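Engineer: Numbering (the working numbering), first residue to last: 7 to 49. Think of the CB as a built atom: it goes at the ideal place given N, C-alpha and C, for glycine as much as any other residue. Every value quoted in this text rests on a predicted model; they were computed, and no experiment measured them. Take a look at this one; I'll ask things after.
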């Protein structure tokens with residue numbers, strides 16, 4: 007995983023906000039932080 011992906015994840019966790027992404031790897035590895043666009047829209 008590229009370093010900038012890790013930075014986005016860390017920032018979202020620090021700010022206690024969801025990371026909206028379409029990246030399947032991030033969605034799979036960080037289910038408590040990352041959400042898909044479709045999930046975010048329906049929140």
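Between the beta-carbon of residue 25 and the beta-carbon of residue 39, is there less than 7 Å?
Structural biologist: The count along the chain shown starts at 1 and reaches residue 25 at position 19. The count along the chain shown starts at 1 and reaches residue 39 at position 33. Contact flag set, yes.
Engineer: Which residues in the same chain as residue 27 place their Cβ atom closer than 6 Å to its Cβ, once the five residues preceding and following it in sequence are excluded?
Structural biologist: Along the chain shown, read from residue 1 onward, the residue named residue 27 stands at position 21. Taken in chain order, the residues that qualify are 40.
Engineer: If I measure Cβ to Cβ from residue 14 and keep anything under 7 Å in the same chain, skipping five residues before and after, which residues do I get?
Structural biologist: In the chain shown, counting from the first residue as 1, residue 14 sits at position 8. For residue 14, where only same-chain residues beyond five positions count, the Cβ hits under 7 Å are 25.
Engineer: Assuming residue 10 and residue 32 are in contact, meaning their beta carbons sit under 8 Å apart, how far apart are those beta carbons, in whole angstroms?
Structural biologist: As a working mapping, residue 10 is identified with position 4 in the chain shown. As a working mapping, residue 32 is identified with position 26 in the chain shown. Actually they are not in contact, since the Cβ atoms of residue 10 and residue 32 sit about 11 Å apart, beyond 8 Å.
Engineer: If you draw a straight line from the C-alpha of residue 30 to the C-alpha of residue 8, how long is it?
Structural biologist: Residue numbering aside, residue 30 sits at position 24 when the chain shown is read from its first letter. Residue numbering aside, residue 8 sits at position 2 when the chain shown is read from its first letter. Going by the C-alpha atoms only, they are around 14 Å apart.
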